[in-house]
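Written below as structure tokens is the structure these notes are about.
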Amino acid sequence: MFINHKKHFLLTAALGLFFSFSLLAQNSVIKPFLNSNMYAGIEVGSKGVKMSFVELDKKASEDAEFKIIKDTSINTDFISFTTATYQATLAALNNLYQIAVKQNRIPASNIFTAISSGVNIQAEKEDKKNWIDQLVNAFKTNNNEPDRKVAIIDVKEEARLSHLGIVPEARRYNTFLIDIGSGNTKGGYFPYDNTKDFKLFQLTWGTKSAANAAEKKLGTGNSIDNFNSQLSRVLAGAEENEIVYAVNASGAFPKSDNIAFSGGIAWAVANLVLPELNDNAVVPISYEEVLQFSEKLSKNPGLYSDYYILKTLPENTPDLDKIGKDIRQVNKVFDQRSLLSGTGLLLKIMRQFDGVVERKKFYLVKNGAVGWISAYVNQNSVK
Amino acid sequence: MRDTKSLLLLLVSLLLVLVSFVLIWTWGYNFYAKNENLKASTSIVRIDSAAIAANVRDSLQKLYTATLHDLDIQLDSTLTHSDSLKNELDVKLAAFYRLRTEIVSILKNRNNNNNNFAIAKQKINELQGKADDLKDKNQVVDNENKKLSEVLNQISKSEKASDNNNRPVNTVKNGNTERATPIYSLFTASDLRLSAVTDTDEKETETNVAEKTDKFNGSFTVVNFNSQLINAEMMVVVLKPDGRVLKSSGWDSGTFNTVEGKKIYSYKFSFAYNRGEAKRLLFSLKGNSLSRGNYTMEVYQNGQLIGRMVKILS
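Spelled out as structure tokens, the structure:
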């Protein structure tokens, strides 16, 4: 459909060349993985294509431990379903695959490819499922792998795999994992001490959708105070109509000691509130800390600039450059309003678990993005 | 005749001897009596000084008791005043609520005539008056509360001062006998252990070689005789030779506040505690590619360092 078109072919070639150079530059320091337990997982997500290098434990089993050695991603915005984003996604997919095979010398049998549930849901909504089929076929043809399996993951399986990929085995059966995305929230837990049965939790609210709903209510007053008032109304409605019900229906409260949040807002808050724990993939946090962050951010967003945070950290703090870089990245991805709406949603969910008698432990997961594909690799390498 | 002279002489001699005895006895008696008086006068002086000291102490005691009594009276009167104010407030609040209910019932009744509305208006005015009155009373109660707290502060100050004055000398010399109670009582940590372990074939063997260390196993005992705490938290910080904190997993580590500022802990214990119980706490930290040098284990409670030890890996 697209490949036959000369213009599109040239565009693909140009994008392919561009990504080849850029990824060569990014990965020039990566040495070949000569370990036979090294695997790669490539995922086509809503926002882009991600690749994770995973080293599996010698004792292969579904519960085997695995270590994420490296991950990389290219933003392509596939779910816009435009020709340009399609071409960019295909080019990124091809190039990440070639990097895994040629640069890192990972056997093709150790490379797993999958399409995320977000892409599938959006394609179904917009009747664009043929775009996914076309992408998969083009990828197989380009890499001369007609038998390659490119799995399309459903939402429950993705949430289950995320749990397996993020939460360590010691905390597997008492941790409720909630992924706050831009458009929705999903997660769940294992209620019966096995990894087959998974209780799915879903909300139709995400960081961006909450911010958009508040923006729509602004009217003529575009001030941050007005935004906060409207956001409070939006989130109060979300809490009353959906969050309370969904948390109760999940039955997670009595079965979970730990409530872990992943997604962009979890990554952002973790970096801004606890910069000292920059090298932690997961950080513990309290309801009060998030609330305080939200209040300070609302009054004075300058407190969370890289300049101010670095200034307030002790001089002997390790990795100050890396901390500064990550904070700049957070402020590039999230503006004040997105942060406020994401934090507001986070607080509404946290409040359901912050009882007077029993308080759960809260965690923010920073590397949630590579969680499910890593677990997918682990699971499929065993079969 | 000669016999008569001899007899007379004998009688005179006897008389002289007798007089001498009387004189000696008198002198002796006087001497004895004088000594007794001297003794008595000395003892009287001694009794007088003790009595004076006792009197002085009694007067101080009386003054102190009187002051305390005075303060007690003040406190009682303030409390009574406060109670009476509370009663007054209760009465006024009851009147306020009664009026409000009456007005609501009048307003709810749709069949009311103008007369009833007039009553309602009158009652609303009355309600407004009562609300203002309550506001004033509230101000008075606030002032009384301030007075009460001042009196209480005064009492606690005078009690502290009296404690200091009455403290026995040996207590001052020996600080251990009467230590001032801290704002929050800390645990004491003892028997701190940190062992480097090689994990081979599910068997753990202790080592002192950095390259062979797979993990650290740590333990310590904490005890607290003063605390009424039911739940307690302990933070363990294990510092690597480069000064960085050893962290097994992000799930176990985090930050806490100390007087020196925010610190990162390697492991955190949250546990239920019974007063006086010697609680043994154990933890394990995975350590990949550890370097040689000193590994310092520190135990913190309420942001204060309560235990420290160093483990050397060669």
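Each protein sequence line maps, in turn, to chains A and B. Each position in the first sequence, counted from 1, maps to that position plus 112 in this note's numbering. Each position in the second sequence, counted from 1, maps to that position plus 1 in this note's numbering. Just so it is clear, CB atoms sit at the ideal spot from N, CA and C, and this is done for glycine as well.
Residue-level contact to chain B via CB, residue i, 8 Å cutoff
i: Tyr399/A; result: no
i: Asn392/A; result: yes
i: Pro396/A; result: yes
i: Tyr499/A; result: In the structure displayed, chain A extends from 113 to 495; residue 499/A sits before or after that span and is not available.
i: Leu389/A; result: yes
i: Leu386/A; result: yes
Where residue i sits in the DSSP three-state scheme
i: Asn370/A; result: strand
i: Phe251/A; result: helix
i: Gln314/A; result: strand
i: Gly130/B; result: helix
i: Leu15/B; result: helix
i: Asp418/A; result: helix
i: Ser50/B; result: Caution is warranted here: a pLDDT of 46 is assigned to Ser50/B, below 50, making its placement in the model unreliable, and the coordinate value is therefore given only provisionally. Here Ser50/B sits in helix by DSSP.
i: Pro396/A; result: strand
i: Glu401/A; result: helix
i: Gly219/B; result: strand
i: Gln336/A; result: In the sequence on display, residue 336/A carries Ile and not Gln. Three-state DSSP puts Ile336/A in a helix.
i: Lys162/A; result: strand
i: Asp438/A; result: helix
i: Tyr301/B; result: strand
i: Asn187/A; result: strand
i: Lys280/B; result: strand
i: Phe302/A; result: coil
i: Ala211/B; result: coil
i: Lys312/B; result: strand
i: Glu251/B; result: Note on residue identity: the sequence assigns Gly, not Glu, to residue 251/B. It is coil, neither helix nor strand.
i: Asp245/A; result: helix
i: Phe32/B; result: helix
i: Asn479/A; result: coil
i: Thr195/A; result: helix
i: Asn295/B; result: strand
Neighbour flag for residue i against chain A, beta carbons, 8 Å
i: Lys216/B; result: no
i: Ile265/B; result: yes
i: Asp262/B; result: Note that residue 262/B is Gly in the sequence shown here, rather than Asp. Chain A, which has a Cβ nearer than 8 Å to the Cβ of Gly262/B, makes this yes.
Identified DSSP bridge partners for residue i
i: Arg471/A; result: Asp466/A
i: Glu205/B; result: Asp200/B
i: Glu281/A; result: Note: Glu281/A sits in no beta bridge, so no partner.
i: Phe272/B; result: Ala233/B
i: Gly376/A; result: DSSP lists no partner for Gly376/A.
i: Ala190/B; result: Val223/B
i: Phe365/A; result: The partner list for Phe365/A (beta bridge, DSSP) is empty, contrary to what the question assumes.
i: Phe224/A; result: Gly153/A
i: Gly262/B; result: Thr259/B
i: Thr424/A; result: Bridge partners of Thr424/A: none, in fact.
For this session: Compile a chain-ordered list of the residues in the segment 265-283 of chain A whose CB is closer than 9 Å to at least one CB of chain B.
Result: Val279, Pro280, Ala282 and Arg283
Exercise. Is there contact between the segment 356-364 of chain A and the segment 407-417 of chain A, where contact requires at least three CB pairs shorter than 8 Å?
Worked result: no
Exercise. Going along the segment 246-259 of chain B in order, which residues come within less than 8 Å of chain A, judged by CB to CB distance?
Worked result: Lys248, Ser250, Gly251, Trp252, Ser254, Gly255 and Thr256
Problem set entry | Segment contact flag, the segment 455-474 of chain A with the segment 392-409 of chain A, C-beta cutoff 8 Å, min 3 pairs | yes
For this session: Note down, in chain order, all residues in the segment 412-444 of chain A with a beta-carbon under 7 Å from any beta-carbon belonging to chain B.
Result: Pro426 and Pro430
Exercise. Using 8 Å as the threshold, is the segment 235-252 of chain A in touch with the segment 286-297 of chain A, meaning 3 or more CB pairs across them?
Worked result: no
Exercise. Is the segment 217-229 of chain B touching the segment 280-293 of chain B in the sense that three or more CB pairs, one from each, lie closer than 8 Å?
Worked result: yes
For this session: Determine contact between the segment 259-279 of chain B and the segment 304-313 of chain B, defined as no fewer than three beta-carbon pairs at a distance below 8 Å.
Result: yes
Exercise. Is the segment 278-288 of chain A touching the segment 445-452 of chain A in the sense that three or more CB pairs, one from each, lie closer than 8 Å?
Worked result: no
For this session: Taking 8 Å as the threshold, find out whether the segment 149-165 of chain A comes into contact with the segment 213-228 of chain A through three or more Cβ pairs.
Result: yes
Problem set entry | Touch test, the segment 274-284 of chain B against the segment 297-313 of chain A, Cβ-Cβ under 8 Å, three pairs minimum | no
For this session: Say whether the segment 294-301 of chain A touches the segment 12-21 of chain B, bearing in mind that this needs 3 or more beta-carbon pairs closer than 8 Å, one atom from each stretch.
Result: no
For this session: State whether the segment 181-197 of chain A contacts the segment 312-323 of chain A, with contact taken as three or more CB pairs (one from each stretch) at a distance under 8 Å.
Result: no
For this session: Mind the definition here: the segment 263-273 of chain B touches the segment 239-254 of chain B only if three or more C-beta pairs lie below 8 Å; say whether that holds.
Result: yes
For this session: Flag this pair as touching only if the segment 340-352 of chain A and the segment 428-446 of chain A have three or more C-beta atom pairs under 8 Å; answer yes or no.
Result: no
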